[in-house]
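Participant: Order-wise, the sequence lines are chains A and W. Per the numbering used here, the first sequence runs over residues 39 to 99. Per the numbering used here, the second sequence runs over residues 38 to 432.
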Amino acid sequence: MIEVDKGDCDFCGACAAVCPVDCIELYEKDIKIDSKKCTECKLCIYICPIEAMSYVEHETV
Amino acid sequence: MWNTKRYDIIVVGAGPAGSTFARIAASKGLSVLLLERKTRIGVPVRCGEGVIDSGLRLFYEPCPEWIATTIDKFCFIAPNGSSIAVKLQEKGYILNRNVFDSDLAKFAEKEGATVVTNANVNSLLFENDKVAGVKGICNNEPFEITSKLVIGADGVESRIGRFAGINTKINLNNIDSGYQKTISGIDVDRNVCSFYISNELAPGGYIWIFPKGNDSANIGIGISGKAHINGKSAKTRLDEFLDLKYPKHKVESISVGGIPLSKPIKQMVTDSVMLIGDAARTVNPLSGGGIILGMKSAVKAADVAVKILISDKEPTKINLIDYQKQWMNSEGKQINRIYRIKTAVDKLTDKDLNNIIERVNKLPVEKRSLARIFRACIPQKPSLLFDVAKVFVGY
Ligand SMILES: Cc1cc2nc3c(=O)[nH]c(=O)nc-3n(C[C@H](O)[C@H](O)[C@H](O)COP(=O)(O)OP(=O)(O)OC[C@H]3O[C@@H](n4cnc5c(N)ncnc54)[C@H](O)[C@@H]3O)c2cc1C
Ligand code: SF4
Ligand code: SF4
Numbered sequence: 039m040i041e042v043d044k045g046d047c048d049f050c051g052a053c054a055a056v057c058p059v060d061c062i063e064l065y066e067k068d069i070k071i072d073s074k075k076c077t078e079c080k081l082c083i084y085i086c087p088i089e090a091m092s093y094v095e096h097e098t099v
Numbered sequence: 038m039w040n041t042k043r044y045d046i047i048v049v050g051a052g053p054a055g056s057t058f059a060r061i062a063a064s065k066g067l068s069v070l071l072l073e074r075k076t077r078i079g080v081p082v083r084c085g086e087g088v089i090d091s092g093l094r095l096f097y098e099p100c101p102e103w104i105a106t107t108i109d110k111f112c113f114i115a116p117n118g119s120s121i122a123v124k125l126q127e128k129g130y131i132l133n134r135n136v137f138d139s140d141l142a143k144f145a146e147k148e149g150a151t152v153v154t155n156a157n158v159n160s161l162l163f164e165n166d167k168v169a170g171v172k173g174i175c176n177n178e179p180f181e182i183t184s185k186l187v188i189g190a191d192g193v194e195s196r197i198g199r200f201a202g203i204n205t206k207i208n209l210n211n212i213d214s215g216y217q218k219t220i221s222g223i224d225v226d227r228n229v230c231s232f233y234i235s236n237e238l239a240p241g242g243y244i245w246i247f248p249k250g251n252d253s254a255n256i257g258i259g260i261s262g263k264a265h266i267n268g269k270s271a272k273t274r275l276d277e278f279l280d281l282k283y284p285k286h287k288v289e290s291i292s293v294g295g296i297p298l299s300k301p302i303k304q305m306v307t308d309s310v311m312l313i314g315d316a317a318r319t320v321n322p323l324s325g326g327g328i329i330l331g332m333k334s335a336v337k338a339a340d341v342a343v344k345i346l347i348s349d350k351e352p353t354k355i356n357l358i359d360y361q362k363q364w365m366n367s368e369g370k371q372i373n374r375i376y377r378i379k380t381a382v383d384k385l386t387d388k389d390l391n392n393i394i395e396r397v398n399k400l401p402v403e404k405r406s407l408a409r410i411f412r413a414c415i416p417q418k419p420s421l422l423f424d425v426a427k428v429f430v431g432y
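1) In the DSSP assignment, find the unbroken beta strand (DSSP E) run with W:Asp213 in it and report its ends.
2) Please state if the CB of W:Ala59 and the CB of W:Ala156 are separated by a distance shorter than 8 Å.
3) Given A:Asp43, which residues of its chain have a CB within under 7 Å of its CB, disregarding the five upstream and five downstream residues?
4) Quick check on the burial criterion: 16 or more other C-beta atoms within 10 angstroms. Buried or exposed for W:Asp349?
5) Give me the Cα-Cα distance between W:Ser68 and W:Gly331, rounded to the nearest whole angstrom.
6) Nearest to A:Cys47 by CA position, among W:Leu323, W:Ile212, W:Leu390 and W:Gly294, is which residue?
7) For W:Pro179, which beta-bridge partners are listed by DSSP?
8) For W:Ala142 and W:Lys300, I'd like the C-alpha separation in whole angstroms.
9) Under 8 Å Cβ-Cβ, which residues of chain A neighbour W:Glu181?
10) Output yes or no for whether 8 Å exceeds the beta carbon distance between W:Gly55 and W:Ile188.
11) Strictly below 8 Å CB to CB, what residues from chain W border A:Gly51?
12) From the DSSP secondary-structure annotation, give me the bridge partner or partners of W:Leu186.
13) Please list the partners that W:Leu279 has in chain A, where partner means a Cβ-to-Cβ separation under 9 Å.
14) If you measure from the CB of W:Gln126, is any heavy atom of ligand 1 nearer than 7 Å?
15) Which first and last residues belong to the alpha helix (DSSP H) in which W:Cys433 is found?
16) Any heavy atom of ligand 1 closer than 7 Å to the Cβ of A:Ile71?
17) Please state the DSSP three-state secondary structure of A:Cys53.
18) Would you check whether ligand 2 has a heavy atom nearer than 7 Å to the C-beta of A:Met91?
19) Where W:Lys263 and A:Val56 are concerned, what is the direct C-alpha to C-alpha distance, given to the nearest angstrom?
20) Could you check what DSSP says for W:Gly55 in three-state terms: helix, strand or coil?
21) What residues from the segment 79-91 of chain W come within 8 Å of chain A, judged by C-beta to C-beta, listed N to C?
22) Alpha carbon to alpha carbon, how far is A:Ile69 from A:Cys61?
23) Thinking C-alpha only, which one of W:Arg199, W:Pro248, W:Asp213 and W:Leu238 is nearest W:Thr219?
24) Taking only three categories from DSSP, how would you classify A:Cys76?
25) Against A:Asp60, what residues of chain W qualify as contacts under a CB-to-CB distance less than 8 Å, listed in chain order?
26) Is there a C-beta anywhere in chain W that falls below 8 Å from the one on A:Ile71?
27) Find the residues of chain W that neighbour A:Ile85, judging by a C-beta separation of less than 8 Å, and give them in chain order.
28) How should W:Asp45 be labelled, buried or exposed, when 16 other C-beta atoms within 10 angstroms of its C-beta is the threshold for buried?
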């Protein structure tokens, strides 16, 4: 699953521009990833200029 | 109330493209709503803020408050540290984009547009499968507003296009990851823009130093989206560069963003929707400059939209397509050409770049116009490189 460090994120939208399934939603000071739609392709991680995104293995609750 | 009216046009995004469009459409008597997610238009700045005087003057008389510094020279630095300085044939500016963007929205307001900040558009409103307006949230309150036409001026993320069924997704090799720090306490020449061109420092892009005063500058990096897959991020690369070159700098602000460096988007319009500016990828794919080109697309789109709406025609895709056609016959064609140059430039190794700078340094200083330099660089493709010259200064 893709996680965003909201303390680091600048909400610039570069990740939303490359996301193939348009599952990233931006606000002025918030970002939401629809994990149901996300394909975990990691393109957003590569484009993020400040390493605010990371991939974490799915946690079983 | 702004959210109970019906408008001719809703513009999403109050960057230079959106505000310019809104100003023109409102000045022709159309009812225009300009929606911006940010609390303060122009803040935070996500830009190196470099423009050329003649480009700016196509749209606005430059206002002293917009201008941090005036530029008369470019300096290109090769991977081995050797450099060439080139006098510009016309002056450039480093803007204060917070003031610039905010003033452009005020101009739109003066012409009669309604400008609303804190308004985040989350989706389009459809009626009988047709785009009929936008939905969003403003100060935690949901809104739904109808209009005849929606303008996607929503910058690099370009989601309005996607909501309307236009594929605006951008491939990793056609977007640069951008990171910039405005720093102070350093020694810079306030009239010179410097560019470090090196695959080792900035693969698929460059590092820029754009002075904002005698002791401060926007220092930023753009690297190809692909470069971070097996390499360092834009932030890590810039921080390393700054620590090396300016160990005592003070950080004033940080700017993060994606810079689309692609061919023109295939589809700029659909029924009741037009895309302008970064949202339509109207950026110079070699230099990354998008302020002037974005405003150019806004003017072209506004001319077409105004004609259609004033004559009471439907803003269907077929009627709006003139904008796309006009773009592709002018700037779009140029962007295609620059994209081909970019592909060639991307293939140059650091050794090639060192050789080029060395060759240019052999040219007498008085002959170092950008055009001559690039002709000297690659004699077998003079026409192509003549364009490169214009690319950095032209937009
Ligand atoms: C690091 C960096 C350096 C750059 N340096 C330069 C340079 O030196 N010179 C140059 O010419 N260009 C430069 N550019 C490019 C330039 O910044 C852009 O091309 C330019 O800002 C595009 O203008 P625009 O109006 O299309 O979009 P933007 O200026 O991006 O404006 C889009 C607006 O839409 C708003 N928005 C987005 N989505 C929504 C939504 N859903 N609802 C409401 N509002 C929304 C955003 O908040 C934003 O204010 C740089 C870009 C970056 C990232
Ligand atoms: S690219 Fe990075 S900084 Fe920009 S919005 Fe996405 S996660 Fe945040
Ligand atoms: S991993 Fe891929 S699909 Fe998921 S949010 Fe990132 S870009 Fe989108």
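Each residue gets a CB set at the ideal place from its N, CA and C atoms; glycine is no exception.
Facilitator: According to the structure shown:
1) As a working note, residue 213 of chain W is residue 176 in the second sequence. Ile212 to Ser221 is the span of the beta strand (DSSP E), which, as asked, contains W:Asp213.
2) Here residue 156 of chain W corresponds to residue number 119 of the second sequence, with the count starting at 1. Here residue 59 of chain W corresponds to residue number 22 of the second sequence, with the count starting at 1. Result no, Cβ atoms of W:Ala156 and W:Ala59 do not sit closer than 8 Å.
3) If you number the first sequence from 1, residue 43 of chain A lands on position 5. The residues are Ala90.
4) Here the question's residue 349 of chain W lines up with position 312 in the second sequence. Exposed.
5) For the purposes of this step, residue 68 of chain W is taken as the residue at position 31 of the second sequence. For the purposes of this step, residue 331 of chain W is taken as the residue at position 294 of the second sequence. Near 22 Å, if we compare the C-alpha coordinates of W:Gly331 and W:Ser68.
6) Here the question's residue 47 of chain A lines up with position 9 in the first sequence. Looking at the Cα atoms, W:Gly294 is the closest of the given residues.
7) Counting from 1 along the second sequence, the entry for residue 179 of chain W is found at position 142. Paired residue(s): W:Ile174.
8) Taking the first residue of the second sequence as 1, we reach residue 142 of chain W at position 105. Taking the first residue of the second sequence as 1, we reach residue 300 of chain W at position 263. Looking at the two C-alpha atoms, the distance is approximately 28 Å.
9) Numbered from 1 along the second sequence, position 144 holds the residue referred to as residue 181 of chain W. Here the premise fails: no neighbours, minimum Cβ distance about 17 Å.
10) Residue 55 of chain W sits at position 18 when you count from the first residue of the second sequence. Residue 188 of chain W sits at position 151 when you count from the first residue of the second sequence. Taking 8 Å as the Cβ cut-off, W:Gly55 and W:Ile188 qualify as a contacting pair.
11) In the first sequence, residue 51 of chain A corresponds to position 13, counting from 1. Gly192, Val193, Glu194, Gly294 and Gly295, listed in chain order.
12) Position 149 of the second sequence, counted from the start, is the residue given in the question as residue 186 of chain W. Looking at the DSSP assignment, W:Leu186 forms a beta bridge with W:Ile46.
13) For the purposes of this step, residue 279 of chain W is identified with residue 242 of the second sequence, where counting begins at 1. Within 9 Å Cβ-Cβ: nothing; W:Leu279 doesn't reach chain A, min ~14 Å.
14) In the second sequence, residue 126 of chain W corresponds to position 89, counting from 1. Here the distance from the Cβ of W:Gln126 to the nearest heavy atom of ligand 1 is not below 7 Å.
15) Because chain W is modelled from 38 through 432, residue 433 of chain W falls outside the range shown and cannot be assessed.
16) Within the first sequence, residue 71 of chain A is the residue found at index 33, counting from 1. A:Ile71: no, Cβ never under 7 Å from ligand 1.
17) As a working note, residue 53 of chain A is residue 15 in the first sequence. Three-state DSSP puts A:Cys53 in a helix.
18) As a first step, residue 91 of chain A must be located in the first sequence, where it is residue number 53. At least one heavy atom of ligand 2 is nearer than 7 Å to the Cβ of A:Met91, so yes.
19) What you label residue 263 of chain W is simply residue 226 of the second sequence in a count that begins at 1. What you label residue 56 of chain A is simply residue 18 of the first sequence in a count that begins at 1. Straight-line Cα distance between these residues: approximately 11 Å.
20) On the second sequence, residue 55 of chain W is found 18 positions in, with the first residue counted as 1. Three-state DSSP puts W:Gly55 in a helix.
21) The segment 79-91 of chain W vs chain A, Cβ under 8 Å: Pro81 and Arg83.
22) Position 31 of the first sequence, counted from the start, is the residue given in the question as residue 69 of chain A. Position 23 of the first sequence, counted from the start, is the residue given in the question as residue 61 of chain A. Between A:Ile69 and A:Cys61, the C-alpha separation is close to 10 Å.
23) Residue numbering aside, residue 219 of chain W sits at position 182 when the second sequence is read from its first letter. If we check each option's Cα against that of W:Thr219, W:Pro248 comes out closest.
24) As a working note, residue 76 of chain A is residue 38 in the first sequence. Looking at A:Cys76 - three-state DSSP - the assignment turns out to be coil, as it is neither helix nor strand.
25) Counted from its first residue, the first sequence places residue 60 of chain A at position 22. Arg196, Arg199 and Lys206, listed in chain order.
26) Position 33 of the first sequence, counted from the first residue, corresponds to residue 71 of chain A. Chain W, which has no Cβ nearer than 8 Å to the Cβ of A:Ile71, makes this no.
27) Here residue 85 of chain A refers to the residue found at position 47 when the first sequence is read from its first residue. Those within 8 Å of A:Ile85 in chain W are Leu209, Ile212, Ser214, Gly262, His265 and Gly295.
28) Translated into the one-based positions of the second sequence, residue 45 of chain W becomes position 8. The residue is buried, with at least 16 neighbouring Cβ atoms inside 10 Å.
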